[in-house]
Structures are given as structure tokens and as C-alpha cells.
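Novice: Each residue of the sequence shown is one higher than the last, beginning at 1494 in my numbering. Just so you know, even glycine gets a beta-carbon here, dropped at the ideal spot from N, CA and C. Quick one: structure below, then a few questions.
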Amino acid sequence: MPAMRLISIPAAAICWLALVADTRPPVIVRNGLIATSQPLASAAGLRVLQEGGNAIDAALTAAAVLAVTEPTMTGVGGDLFAIVYDAKSGKLVGLNASGRAPAKATPAAFRARGLADIPNGGPLSVSVPGAVDGWAELLQRFGTRPLARVLEPAIGYARDGYAVTPVIAEQWEAAADRLAKDPAAAATFLVNGRAPRPGEIVSNPKLAATLQTIAREGRDAFYRGPIAQAIAADMAKRDAFLTAEDLSAHKSDWVDPISTSYRGHDVYELPPNTQGFAALEMLNILEAYDVAGLGHNSAAYLHLLVEAKKIAYADRDAYLADPGSLPGDLLRRLISKDYAAERRKEINLSKAGTYAPASRSSEAGDGATNPLGSGPWHVAAGDTVYLTAADQHGNVVSLIQSLFNTFGAGIVAADTGIALHNRGSLFSLSPSHPNVIGPGKRPFHTLVPAMVLKDGRPWLSFGVMGGDHQAQGHVQVLLNLIDFKMDVQAAGDAPRFNHAARLALEDGISEDVRAKLAAMGHSLAERGGTHGGYQAILIDPRTKALSGGSDRRKDGVAVGY
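Below, the structure written as C-alpha cells:
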């Protein structure tokens, strides 16, 4: 028998132990791994891998289970994005399965109702849900199992019930008053008028029937068949814009991911209408600095990251919109190294600043006036699930799915058991902004799955859920992994910041750091709270072992075999 071989680990690779005390070891396996935000979803995906299904089969099975067991964050009434590495072709492809605005949704239509802004919930915030079509597209192109088999575990949990986990129960309780305002939502998601508590068994038999119809009749049941008719009829009763014709017209789009390099790693995000370019822009700005030398979560480090974030998000708020609204030359400029070098000059390393978006003209200098104005919002909230799976054949999928706010629009469509999302609320009513609502347009979108390649092969598949936090969360996780050499679990567990109207710091970042940041001019939020939720798989380029991490901020787990 050959002697056991050991691969030595450089000392730098264990420096994270001193940085992140509140963490656990990553899950490390050889054959297949899945990481999700809810244990039943992870278990269902693992079962698929062990039975010979591939990463895409496992991810979609888990996504459907999450649509039942984590209804606060996701559902068949929401949107989906994915990045897939196909081992057979060696290619990376992206899927935009986000829905579009109804044909009747125009600024004039909202003004006619006396509205100056799109409501953050309710029937007028509903755009076409894209998730079900996304499932069908991914399965048709990359899967090995029929949709009916993929949906079996989800149907079982919806029909027979499941135990509610602690974090989801807390989110559910926070949304109880909102759900109570809609009779269909209250009947579907409240137990005797209240949210279920941890450990209580809940079911959604109407959603089970809906999923059975999709399993039997395919995606057309949702977009052209009985489910579409039920949703459209309910929207008509609510005097909303969404119609059967809007649902019938929906289709997902296969897209090319966009990328930049960071210290020898090729980081891939999805193009607009997602905010992925903001993460790439931040990385380009930060690459010129010795961020590790500043010290993890030191005041100097956090200040630098926040300033880079402000620049990238100024561009995001000014330009992110439907894919047809951002010219290719401008997008290429925003994620270029030359543009990062221009914007880097504006950062004062000892004082908080404010930043203008890029000029729309590629010839204009940095800081030029944006003729469209900046976006009128900050999407601080946002409720989402992210999951990732990898199999023994080398296939990897990075998938994100969401209702946007907790339980989406706060309404359930008739007897379908479906909570409809409120992603349409992220449109603008300003006619001069590229994100102005219009028939068939896709809205500004926060959902961003990501993948990192080294030497042309997948190295990391990951995401950080949480609305406005996602792009800035991506950057913090990547720096934890690349600059600070943390493992894939510790990289997600480390305390994070979230910058919106104020700078919020998670527990674990010291009072001394807070004081120094305040002295630099940062407006700090009150201490407390958590930001985002992370799942990831890291592939060792030497051994091909799969390491999985699942955020301590969520109920989920990474599991493999």
C-alpha cells in the first residue's frame, strides 16, 4: 500500500485564525458539494449528486426546495440569475432570468393614479416573475433530469410540511403584520394570524398543487397555462398592470459574463441589468493598494474599501438599468483598469469623500457631470437566496434567486400559494433616467452570482445575498480569500461592513476602529445587525478537492461526499 501523501500548507494560509475567531472549519470533499441557505435544500441537492445527477440538477432541486422552505426570501414568484461552468465545453455562460415590466407600466400610468414613486410593495410593484423559466432553461441546456423529478422534493415539503428554521422564523415574524394585510397572504403564510415559530411544522398545499402542475405541464403552465391565467385574473381584481400577455411574452436570455482580473484571479459577474460591474470596478480600484498591509478590518482598510464602493455605486446608481440602456463602450470603460486608475486619484486616504459618476462620454475625464442624474434610491434591504453546487465531472453553478423584499410584494396570487415579487419597485419614474419604467424593460437588479477562475479553471463559486450589500459583500469576501488567505468558511464569517446612507459595521469590528472612521468623516450607523448571507465552493487547483462554506448569518449548510 502506498504511503500517505501530505501537502504542506504555507504559514500565510492559516493567518485567518487570528482574524476570525467565530467560525467553523469548511466542509472538504472530493466528489460533489452543494452550499445553500437552508438545510433541507442542501440535503436535497446532495441526494441528487449522490444519485448521479450533476451540479445543475442538484442546484435546481435545491432552488425549488428553497422556494418552499425559505418563503421569506425566494419563491416561484421571483427572479433568478446564474453562472454555469460547463466542464464538457470548458465554457462559462450566464443566464438572465429576470422578468420585465408589464406592457401597461409607464410613468404616465403611475401619474394617472396620483403616484410620484412606484410603491415598494403591493400589486403595482409586481413585474413578470422569471424564476420558473430560468429553471427550465438551465435544465434543458445543462441538466440530466426531467423537471418533474427535480421538483419532487419541493412538492413533498409543500404538501407534507417542514420544520421552520430559526433565522427564517425571525424573518417571518418581522413580516407578519405585512402579510396580515393581504387575505390570501395571511391564509397562506400565517398560522392563526401569526408567523410560525422555530421548529413548527408548516405546509403550503396550494403551492404544492402549483408545483405539481409545473412538473406535469412544464414551464408553459406558469407562463401560458392555468397558473398564468390565475395570476393574471388576480392581478386584474387588484387593478394591477400585469396581464396574461405579459407572462406569455417572457423569456430568459443567455448572456456572456463580464470580468476583470484581481491579483491573478479572473473574477466573473453578470452584465446589466445586474450590479455585478460595481464589484469589478471596486476590485480594479483596490488592486493597486497593499490592502493586506493595512490590516484586516482596520480603519485604514475599511476606509479604502468604502471609498472605492462609493465611486462604483455612484456609477451603478447613474447607469444600471435594462441591458439595452447601458452602451457597451461605457460598460467596458467602467470595468477597465485605466478607468480605475483615473478614479483612484480622487481618493483621500485620510478623509471620507463624495464622488460623481462617470461621464457618459468615453472621451470625457473622470468626475464629469452625469447628464442623466444619479439614481433616486439606495437599495439597503433585499431578501434573497444564493446557492452553489459542484460535481465530480467539473461542472459548477452559481445561482441566485429572490423575491426582493421579505415575501416580495406582500401578496399571494389567488389560490396558487405563490408570493409575487416586488422587483418592479426598483424602476424609476424619472423620464431622464435610464432605469425609467417602460413596457418590457428589465429593472435595475441587485442579484449577482459570481465565479472566479484561475488558469482558465473554476477556483471559486460564490455569492453574497442582501440587496444593496451584494457587490460590496463580494469584494470583502474576495479580499478575505485572496489577500488575507482565509479559508472559504472564515472568509464569509468574518465581520463585514455595509455602506448605504450610513456606514454600518458588524460586531467584531472594534470601537477603536469605529472612532477612527468617524474621525475620517464617515457617518456611522448604530452598532448591531448583520449584513448579507454567503455561500461558496472553492476548488483546490492542486488536489481538485472541494471546500464549502455557509454563512453563520443564515440557517444553511455546505454538504458534500
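For C1508, which of helix, strand or coil comes out of DSSP?
Specialist: Your numbering for residue 1508 matches position 15 in the sequence shown. Residue placement at C1508 is flagged as unreliable, the pLDDT there being 41, under the threshold of 50; a coordinate-derived value is accordingly withheld.
Novice: Hey, how far is the Cα of D1579 from the Cα of F1635?
Specialist: For this step, residue 1579 is matched to residue 86 along the sequence shown. For this step, residue 1635 is matched to residue 142 along the sequence shown. Cα-Cα distance, rounded: 8 Å.
Novice: Is DSSP giving Q1965 helix, strand or coil here?
Specialist: For the purposes of this step, residue 1965 is taken as residue 472 along the sequence shown, with counting starting at 1. DSSP places Q1965 in helix when its eight states are reduced to three.
Novice: Determine the contact status of L1940 and D1670, defining contact as a CB-CB distance below 8 Å.
Specialist: For the purposes of this step, residue 1940 is taken as the residue at position 447 of the sequence shown. For the purposes of this step, residue 1670 is taken as the residue at position 177 of the sequence shown. Not in contact: L1940 and D1670 (Cβ atoms no closer than 8 Å).
Novice: Can you look up R1491 in the DSSP assignment and give me helix, strand or coil?
Specialist: In the structure displayed, the chain extends from 1494 to 2054; residue 1491 sits before or after that span and is not available.
Novice: Where does A1629 fall in DSSP's three states?
Specialist: On the sequence shown, position 136 is the one that residue 1629 refers to. A1629: helix per DSSP, three-state reduction.
Novice: Grouping DSSP H, G and I as helix and E and B as strand, with all else coil, what is D1759?
Specialist: By one-based count along the sequence shown, residue 1759 stands at place 266. It is a strand residue.
Novice: With DSSP as the reference, please indicate the residues paired to G1697 in a beta bridge.
Specialist: Taking the first residue of the sequence shown as position 1, residue 1697 is located at position 204. Rather than Gly, the amino acid found at residue 1697 in this sequence is Asn. DSSP, once it has assigned bridges, lists no residue as partnering N1697.
Novice: Report the option in G1985, K1947 and R2007 whose CA atom is closest to the CA atom of P2034.
Specialist: The count along the sequence shown starts at 1 and reaches residue 2034 at position 541. For P2034, the nearest C-alpha among the options comes from K1947.
Novice: Within the continuous beta strand (DSSP E) that includes L1585, where are the two ends?
Specialist: Taking the first residue of the sequence shown as position 1, residue 1585 is located at position 92. Start and end: K1584 to A1590.
Novice: Compare the C-alpha of R1826 against each of L1813, N1973, A1851 and K1838 and name the closest.
Specialist: Numbered from 1 along the sequence shown, position 333 holds the residue referred to as residue 1826. R1826 has its Cα closest to that of A1851, out of L1813, N1973, A1851 and K1838.
Novice: Under DSSP, the beta strand (DSSP E) around R1950 begins and ends at which residues?
Specialist: Position 457 of the sequence shown holds residue 1950. Its beta strand (DSSP E) spans residues R1950 to M1958.
Novice: Could you please give me the residues that DSSP links to K2047 through a beta bridge?
Specialist: Counting from 1 along the sequence shown, the entry for residue 2047 is found at position 554. According to DSSP, K2047 bridges with nothing at all.
Novice: Is there contact between the stretch 1763 to 1780 and the stretch 1621 to 1631, where contact requires at least three CB pairs shorter than 8 Å?
Specialist: No: the two stretches stay apart, fewer than three of their Cβ pairs being nearer than 8 Å.
Novice: Between the Cα of S1891 and those of G1931, D1884 and S1954, spot the shortest distance and give me the residue it belongs to.
Specialist: One-based indexing of the sequence shown puts residue 1891 at position 398. The candidate whose alpha carbon is nearest that of S1891 is S1954.
Novice: What residues in its chain sit with their C-beta under 7 Å from that of T1637, if we drop five residues either side in the sequence?
Specialist: Position 144 of the sequence shown, counted from the first residue, corresponds to residue 1637. So the list reads G1546, N1547 and D1550, once near-sequence residues are dropped.
Novice: How big is the Cα-Cα spacing for R2093 and A2051?
Specialist: The question about residue 2093 has no answer, for the chain in this structure spans 1494 to 2054.
Novice: Residues in the same chain with beta-carbon distance under 7 Å from Q1705, minus the five sequence neighbours each way, listed in chain order, please.
Specialist: To locate residue 1705, count along the sequence shown from 1; it is residue 212. Here the set comprises I1648.
Novice: With the cut-off set at 8 Å, would you say Q2028 and G1956 are in Cβ contact?
Specialist: Locating residue 2028 in the sequence shown gives position 535, counting from the first residue. Locating residue 1956 in the sequence shown gives position 463, counting from the first residue. Going by C-beta atoms, Q2028 is nearer than 8 Å to G1956.
Novice: Given that a residue counts as buried once 16 or more other Cβ atoms are within 10 Å of its Cβ, and exposed if not, what is G1868?
Specialist: Here residue 1868 is taken as the residue at index 375 of the sequence shown, counted from 1. With a pLDDT of 41 at G1868, under the threshold of 50, the predicted position of this residue should be treated as unreliable, though the coordinate-derived value follows. By the 10 Å Cβ count, G1868 comes out buried.
Novice: Helix, strand or coil for V1621 per DSSP?
Specialist: To locate residue 1621, count along the sequence shown from 1; it is residue 128. Correct three-state label for V1621: coil.
Novice: With H, G and I counted as helix, E and B as strand and the rest as coil, what does DSSP make of T1703?
Specialist: Here residue 1703 is taken as the residue at index 210 of the sequence shown, counted from 1. In this structure, T1703 counts as helix in the three-state DSSP scheme.
Novice: Given this structure, state the Cα-to-Cα distance separating S1843 from V1784, to the nearest angstrom.
Specialist: The residue labelled residue 1843 in the question sits at position 350 within the sequence shown. The residue labelled residue 1784 in the question sits at position 291 within the sequence shown. Using only the alpha carbons, I get a separation of about 15 Å.
Novice: Which residues does DSSP pair with H2024 in a beta bridge?
Specialist: Here the question's residue 2024 lines up with position 531 in the sequence shown. DSSP lists no partner for H2024.
Novice: To the nearest angstrom, report how far apart Y2054 and R1950 are at their CA atoms.
Specialist: Reading the sequence shown from its first residue, position 561 is the one you call residue 2054. Reading the sequence shown from its first residue, position 457 is the one you call residue 1950. Straight-line Cα distance between these residues: approximately 21 Å.
Novice: Hey, L1453 and A1708 are a contact pair by Cβ (cut 8 Å); roughly how many whole angstroms apart?
Specialist: Because the chain spans 1494 through 2054 in this model, residue 1453 falls outside it and cannot be assessed.
Novice: Pull up the CB-CB distance for L1813 and P1765, whole angstroms please, since I reckon it's below 8 Å.
Specialist: Your numbering for residue 1813 matches position 320 in the sequence shown. Your numbering for residue 1765 matches position 272 in the sequence shown. That belief holds up - the Cβ atoms of L1813 and P1765 are roughly 6 Å apart, short of 8 Å.
Novice: From the DSSP output, in three-state form, read off N1991 for me.
Specialist: If you number the sequence shown from 1, residue 1991 lands on position 498. N1991: strand per DSSP, three-state reduction.
Novice: Distance check for G1607 and V1586, CA to CA, integer angstroms please.
Specialist: Here residue 1586 refers to the residue found at position 93 when the sequence shown is read from its first residue. Here residue 1607 refers to the residue found at position 114 when the sequence shown is read from its first residue. Distance between the alpha carbons of V1586 and G1607: 43 Å.
Novice: If L2031 and L2017 are in contact, beta carbons under 8 Å, what's the gap, nearest whole angstrom?
Specialist: The count along the sequence shown starts at 1 and reaches residue 2031 at position 538. The count along the sequence shown starts at 1 and reaches residue 2017 at position 524. L2031 to L2017, Cβ: 33 Å. No contact.
Novice: Can the beta-carbon of A1556 be found less than 8 Å from the beta-carbon of Q1894?
Specialist: As a working note, residue 1556 is residue 63 in the sequence shown. As a working note, residue 1894 is residue 401 in the sequence shown. Against a cut-off of 8 Å, the Cβ pair of Q1894 and A1556 comes out as a contact.
Novice: Looking only at C-alpha atoms, which of M1775, N1790, V1968 and A1792 sits nearest to D1808?
Specialist: On the sequence shown, position 315 is the one that residue 1808 refers to. Comparing Cα positions, the closest option is M1775.
Novice: Whole angstroms is fine: what's the gap from Q1722's alpha carbon to V1561's?
Specialist: The residue labelled residue 1722 in the question sits at position 229 within the sequence shown. The residue labelled residue 1561 in the question sits at position 68 within the sequence shown. Between Q1722 and V1561, the C-alpha separation is close to 22 Å.
Novice: Would T1736 and I1720 qualify as a contact pair, given that the criterion is a beta-carbon distance under 8 Å?
Specialist: Numbered from 1 along the sequence shown, position 243 holds the residue referred to as residue 1736. Numbered from 1 along the sequence shown, position 227 holds the residue referred to as residue 1720. The answer is no: Cβ separation not under 8 Å.
Novice: So, helix, strand or coil for I2002, using DSSP?
Specialist: Taking the first residue of the sequence shown as position 1, residue 2002 is located at position 509. Correct three-state label for I2002: coil.
Novice: In chain order, what residues of the same chain have a beta carbon less than 7 Å from the beta carbon of L1533, not counting five sequence neighbours either side?
Specialist: Your numbering for residue 1533 matches position 40 in the sequence shown. Answer for L1533: V1558, T1562, Y1650 and Y1655, listed in chain order.
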